[in-house]
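Just add 247 to wherever you are in the first sequence, counting from 1, and you've got this note's numbering. Just so it is clear, CB atoms sit at the ideal spot from N, CA and C, and this is done for glycine as well. Working notes, structure below.
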Amino acid sequence: MLSVNQKILVAVAWPYANGPRHIGHVAGFGVPSDIFARYHRLVGNDVLMVSGTDDHGTPIMMQADKEGVSYRELADRYNEVIARDLQGLGLSYNLFTRTETLNHTEVTQDLFTALLQNGGIIKDTMLGTFAANGKALPDRYVEGTCPICGFPDARGDQCDNCGNQLDPVDLINPRSKIDGLPPTFRPTEHFFLDLPKFREQLRGWIEAQMHWRPNVRNFSLNLVDDLRPRAVTRDLDWGVPIPLPGYDEKRIYVWFDAVIGYLSAAIEWAHNHGTPDRWQEWWLNPAAQHYYFMGKDNITFHSVIWPAMLLGYREQDGVTAGPHTLNLPYNVVSTEFLTMEGKQFSTSRGVVIYVRDVLERYGADPLRYCLTAGGPETQDADFTWAEFVRRNNDELVATWGNLANRVLTIAHRNFGAVPPQGTLQPSDQTLLDELQRAFATIGDLIATAHFKSALAEAMATAARVNHYVSEQEPWKLVKSDKERAATVLWTALQAVDSLKIIFCPFLPFSSQALHEQLGYTSVIAGPLEIHEQIESNGAHHLVLTCEPASWTGRWQPSELPAGQLLPAPNPLFRKLEPGVVQEEVARLLAKE
RNA sequence: GCCGAGGUAGCUCAGUUGGUGAGAGCGUGGGAUUCAUAACCCCAAGGUCGAGGGUUCGACCCCCUCCCUCGGCACCA
């Protein structure tokens with residue numbers, strides 16, 4: 248276990264503000280990062296967890312054009328929708344902000360300028376692809392006939408039929424996927440991140456990261472072998488402006504400014520708290536550890552491109568510590584993909600389950616449980632409603648919910664309060680010892696990003712306590728030997744109280760509910776709040792935040808005091824009818 | 001096409017550097033029990049570890065070939 252007060256940055260991938268989040272998104276970047284952050288806070292480490300919506304980029308422009316609203320309007324709308332999705336799921340960001348802020352613009356421009364000054368960014372001319380409306384068109388939004396195999400619906404970047412990589416200008420009869428009109432091609436000047444310049448530095452750095460998941464490390468090393476300069480800017484009117492005269496028609500493109508969000512959000516967080524320099528405790532302190540969470544489609548940006556940008560920024564001061572020596576990632580934790588009833592998620596094809604719909608109908612914890620227990624941690628995973636109902640009923644309700652409920656019910660009915668400890672027998676002590684060990688075991692698993700095994704271990708511990716209760720039969724003891732019954736129930740309640748903390752990173756809402764059923768009045772962890780933030784230029788935006796410094800939960804065995812009054816218990820989780828499966832599957836089919 | 005991941009009990013998956021009879025959860029069958037959301041607890045059955053070769057005293061784990069599934073292949077994030 249890590250020592251307390253370790254500074255940990257939990258950097259979570261920024262979702263596009265182009266629609267509500269579906270459960271595949273949060274299975275990848277959301278729930279794992281939150282489990283990690285909540286655990287480290289319970290341990291006593293200083294966690295800064297940041298993210299926000301990515302308000303720029305082609306998908307947002309396309310969606311706005313489709314709806315006939317401005318880009319900003321669309322981003323505003325979905326920034327709020329997404330913030331509420333994440334709040335409802337209990338994702339405990341210290342700051343969830345957005346890229347359309349003055350602060351983010353300034354930080355992005357600062358990095359751009361610095362990289363340009365020391366040669367990390369170079370200027371070059373490329374052949375641009377333009378839609379009929381004059382805007383830059385990404386290669387993948389161009390379709391046409393493949394010049395190699397004749398496939399009529401090849402994309403500008405690659406032919407799905409023969410697999411060859413293409414250039415949009417090579418397509419026969421090219422057309423825009425957006426409006427169907429033929430694009431035009433003309434040379435255009437842009438800024439490029441000079442990735443080859445950082446090749447050897449990156450290679451050496453990545454090779455040293457033996458604690459990364461092997462797939463991330465190997466994948467990244469492969470990328471480093473074939474780095475080319477990458478265009479930082481686009482011929483667009485949506486995005487962070489280029490901080491140089493004469494470039495009003497161009498913007499910094501989304502991939503460049505999105506990763507900078509990890510830094511700008513930390514700066515915004517510090518500013519919002521009236522301690523404008525505190526971001527440095529995470530970003531300029533070499534002892535701070537930075538963990539990045541994302542889906543596997545995003546590895547390259549976090550293990551190669553963003554580190555290259557950070558290295559380039561550092562070069563202003565050489566290798567000595569200074570205001571530009573920003574920390575590199577300590578770990579890049581990527582998850583695989585979640586499919587839905589065997590199919591890729593696809594909003595356009597209706598293969599989608601929105602977070603808010605699940606929250607509304609079933610609550611946050613069952614979803615968090617399912618996405619962790621059956622999540623795409625090391626390989627692609629399939630979400631099915633049958634599996635959701637099964638895990639909810641046969642695992643969450645039957646093992647953990649039932650344990651809490653049966654222990655609380657017997658204790659409440661017979662004592663009305665936490666009974667006195669009495670004399671512990673070996674069986675009681677053994678159970679308490681096991682709980683104590685569980686904190687260490689499960690804590691280590693979470694700290695090393697093994698969330699699936701950690702949760703399985705927690706459930707196994709709950710099963711162990713169920714075993715103890717069945718074996719001791721306190722419902723009989725209350726009639727035959729009340730003193731022994733008191734000791735057994737005291738022990739079981741300590742175990743349940745400890746499990747409450749162990750489950751808290753995974754299932755924060757039910758842990759809080761249980762906390763109250765155990766007679767406490769404090770808050771373990773929460774609340775998460777959305778409020779408006781006003782910037783120096785008068786602009787305002789919504790932020791999702793929380794104040795973990797005031798949270799009372801601690802990653803340690805129960806100290807539940809005897810005599811504490813126990814209110815009448817309520818089940819922590821609700822059993823779902825089997826009909827839910829059919830109902831939900833029917834909903835999906837209706838969308839397709 | 002290139003690169004990569006994966007094919008292990010009915011289902012979902014674990015299986016460090018090759019070594020006593022291959023595991024878990026759920027489901028199934030049986031038992032016990034009734035505090036608990038017919039939940040909990042105990043026991044059991046179930047697999048020639050995708051196919052075929054090879055290396056080895058010995059391979060699910062190493063090498064080769066083949067079959068099947070999936071992802072990436074950069075200006076999409």
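Return the Cβ separation of Asn519 and Gln780 in integer angstroms, given the expectation that the two are a contact with Cβ distance under 8 angstroms.
-> Counting from 1 along the first sequence, the entry for residue 519 is found at position 272. Counting from 1 along the first sequence, the entry for residue 780 is found at position 533. The C-beta distance from Asn519 to Gln780 rounds to 6 angstroms, short enough to meet the 8 angstroms contact threshold.
So what's Glu776 in DSSP terms, helix, strand or just coil?
-> Within the first sequence, the letter at position 529 stands for residue 776. Looking at Glu776 - three-state DSSP - the assignment turns out to be strand.
Are there 16 or more other CB atoms within 10 angstroms of the CB of Pro576, so buried, or fewer, so exposed?
-> On the first sequence, residue 576 is found 329 positions in, with the first residue counted as 1. Buried.
For Pro430, which option in Glu436, Asp417, Leu442 has the closest C-alpha, if you only look at C-alpha atoms?
-> Position 183 of the first sequence holds residue 430. Nearest option by C-alpha distance: Asp417.
Does DSSP put His518 in a helix, in a strand, or in coil?
-> Position 271 of the first sequence, counted from the first residue, corresponds to residue 518. Note: His518 maps to helix in three-state DSSP.
Which class does Pro434 belong to by DSSP, given the choice of helix, strand or coil?
-> Indexing the first sequence from 1 puts residue 434 at position 187. Strand, per DSSP.
Determine the closest residue to Ala694 out of Leu363, Pro752, Pro492, with distance taken between C-alpha atoms.
-> As a first step, residue 694 must be located in the first sequence, where it is residue number 447. Measuring from the Cα of Ala694, the nearest candidate turns out to be Pro752.
Three-pair Cβ contact test at 8 angstroms for the region 378 to 394 versus the region 422 to 429 | Taking 8 angstroms as the limit for Cβ pairs, the verdict is that the region 422 to 429 does touch the region 378 to 394.
Might you give, ordered along the chain, the residues of its own chain that have their beta carbon closer than 8 angstroms to the beta carbon of Pro267, omitting 5 neighbours on each side?
-> Locating residue 267 in the first sequence gives position 20, counting from the first residue. Cβ neighbours of Pro267 beyond the five flanking positions: Tyr325, Val328, Ile329, Asp332, Tyr601, Val602, Arg603.
Around the C-beta of Gln626, are 16 or more other C-beta atoms found within 10 angstroms, so that it is buried, or is it exposed?
-> By 1-based counting over the first sequence, the position of residue 626 is 379. It counts as exposed.
Where Ala260 and Pro279 are concerned, what is the direct C-alpha to C-alpha distance, given to the nearest angstrom?
-> Taking the first sequence and counting its residues from 1, one reaches residue 260 at position 13. Taking the first sequence and counting its residues from 1, one reaches residue 279 at position 32. C-alpha separation (whole angstroms): 12 angstroms.
Of the choices Thr346, His659, Phe635, Gly559, whose alpha-carbon is the least far from that of Gln811?
-> Here residue 811 corresponds to residue number 564 of the first sequence, with the count starting at 1. Per the Cα distances, His659.
Ends of the beta strand (DSSP E) at His659?
-> Mapped onto the first sequence, residue 659 falls at position 412. Note, His659: premise wrong, no beta strand (DSSP E); alpha helix (DSSP H) at 649 to 661.
Counting only the same chain and skipping the five closest in sequence on each side, list residues whose C-beta sits under 8 angstroms from that of Pro490.
-> Here the question's residue 490 lines up with position 243 in the first sequence. Setting aside the 5 residues that flank it on each side, Pro490 is surrounded in the same chain by Gln356, Phe359, Thr360, each with a C-beta closer than 8 angstroms to its C-beta; the list follows chain order.
By how many angstroms is the C-alpha of Gly277 removed from the C-alpha of Leu336?
-> Taking the first sequence and counting its residues from 1, one reaches residue 336 at position 89. Taking the first sequence and counting its residues from 1, one reaches residue 277 at position 30. Distance between the alpha carbons of Leu336 and Gly277: 9 angstroms.
Pull up the CB-CB distance for Val644 and Phe820, whole angstroms please, since I reckon it's below 8 angstroms.
-> Here residue 644 refers to the residue found at position 397 of the first sequence. Here residue 820 refers to the residue found at position 573 of the first sequence. Contact between Val644 and Phe820 holds: their C-beta atoms lie close to 5 angstroms from each other, under 8 angstroms.
When DSSP labels each residue in this structure, what does Pro814 get in the three-state scheme?
-> Within the first sequence, numbered from 1, the residue matching residue 814 stands at position 567. Pro814: coil per DSSP, three-state reduction.
Straight-line Cα distance separating Trp802 from Leu249 | Here residue 249 refers to the residue found at position 2 when the first sequence is read from its first residue. Here residue 802 refers to the residue found at position 555 when the first sequence is read from its first residue. Below a pLDDT of 50, predicted positions are generally treated as unreliable, and Leu249, at 46, falls in that range; no measurement from the model is reported.
Locate the alpha helix (DSSP H) running through His901, then write down its first and last residues.
-> The structure shown does not extend to residue 901, since the chain is modelled only from 248 through 839, so no value can be given for it.
Residues bridged to Ile781 [DSSP beta-bridge criterion] = Numbered from its first residue, the first sequence carries residue 781 at position 534. DSSP lists His787 as the beta-bridge partner residues of Ile781.
Per-residue DSSP class, three states only, for Phe686 | Walking along the first sequence from the start, residue 686 turns up at place 439. Correct three-state label for Phe686: helix.
Spell out the partners DSSP gives Gln591 in its beta bridges.
-> Within the first sequence, residue 591 is the residue found at index 344, counting from 1. Per DSSP, Thr586.
How is Met248 classed by DSSP in three states: helix, strand or coil?
-> Numbered from its first residue, the first sequence carries residue 248 at position 1. At Met248, the pLDDT of 43 sits below 50, so the modelled position is not reliable; the number obtained from the coordinates is stated separately. DSSP places Met248 in coil when its eight states are reduced to three.
Looking only at DSSP bridge pairs, what is Asn578 linked to?
-> Counting from 1 along the first sequence, the entry for residue 578 is found at position 331. Here Asn578 is bridged, per DSSP, to Tyr538.
Specify, as a first and last residue, the run of the alpha helix (DSSP H) that Lys370 falls within.
-> Here residue 370 is taken as the residue at index 123 of the first sequence, counted from 1. Lys370 -> not in any alpha helix (DSSP H); beta strand (DSSP E) instead, spanning 368 to 377.
Is the region 783 to 801 in contact with the region 366 to 382, if contact means three or more CB pairs nearer than 8 angstroms?
-> no
Under 6 angstroms Cβ to Cβ from Asn639, same chain only, skipping five residues before and after it: list those, please.
-> As a working note, residue 639 is residue 392 in the first sequence. So the qualifying residues of the chain are Pro613, Leu823.
Proximity to Val463 [Cα-Cα], best of Pro394, Phe548, Ala512 = By one-based count along the first sequence, residue 463 stands at place 216. When only C-alpha atoms are compared, the closest one is Phe548.
Mind reading off the beta-carbon distance from Tyr715 to Leu746? Whole number of angstroms is fine, and I expect it under 8 angstroms.
-> As a working mapping, residue 715 is identified with position 468 in the first sequence. As a working mapping, residue 746 is identified with position 499 in the first sequence. 12 angstroms between Cβ atoms; not a contact.
Same chain, Cβ closer than 6 angstroms to Leu702, five either side skipped, listed in chain order = Taking the first sequence and counting its residues from 1, one reaches residue 702 at position 455. Correct list, in chain order: Thr619, Ala620, Phe753.
Which listed residue (Asp301, Met706, Asn380, Gln676) has its alpha carbon closest to that of Thr348 | Along the first sequence, one-based indexing puts residue 348 at 101. For the residues Asp301, Met706, Asn380, Gln676, the minimum Cα distance to Thr348 belongs to Asp301.
To the nearest whole angstrom, what separates the beta carbons of Glu528 and Leu342, a pair I think is in contact under 8 angstroms?
-> One-based indexing of the first sequence puts residue 528 at position 281. One-based indexing of the first sequence puts residue 342 at position 95. In this structure, Glu528 and Leu342 do not form a Cβ contact; the two beta carbons are roughly 15 angstroms apart against a cut-off of 8 angstroms.
C-beta atoms of Leu650 and Val725 nearer than 8 angstroms | On the first sequence, residue 650 is found 403 positions in, with the first residue counted as 1. On the first sequence, residue 725 is found 478 positions in, with the first residue counted as 1. No.
Backbone CA spacing between Gln310 and Ser593 [nearest angstrom] = Against the first sequence, residue 310 aligns to sequence position 63. Against the first sequence, residue 593 aligns to sequence position 346. Spanning the two alpha carbons is a distance of roughly 15 angstroms.
From the DSSP output, read off the bridge partner residues of Arg422.
-> Start at 1 with the first residue of the first sequence, and residue 422 comes out as number 175. Bridge partners of Arg422: Glu390.
Counted within 10 angstroms of its Cβ, other Cβ atoms place His287 as buried (16 or more) or exposed | Here residue 287 refers to the residue found at position 40 of the first sequence. With 16 or more other Cβ atoms within 10 Å, it is buried.
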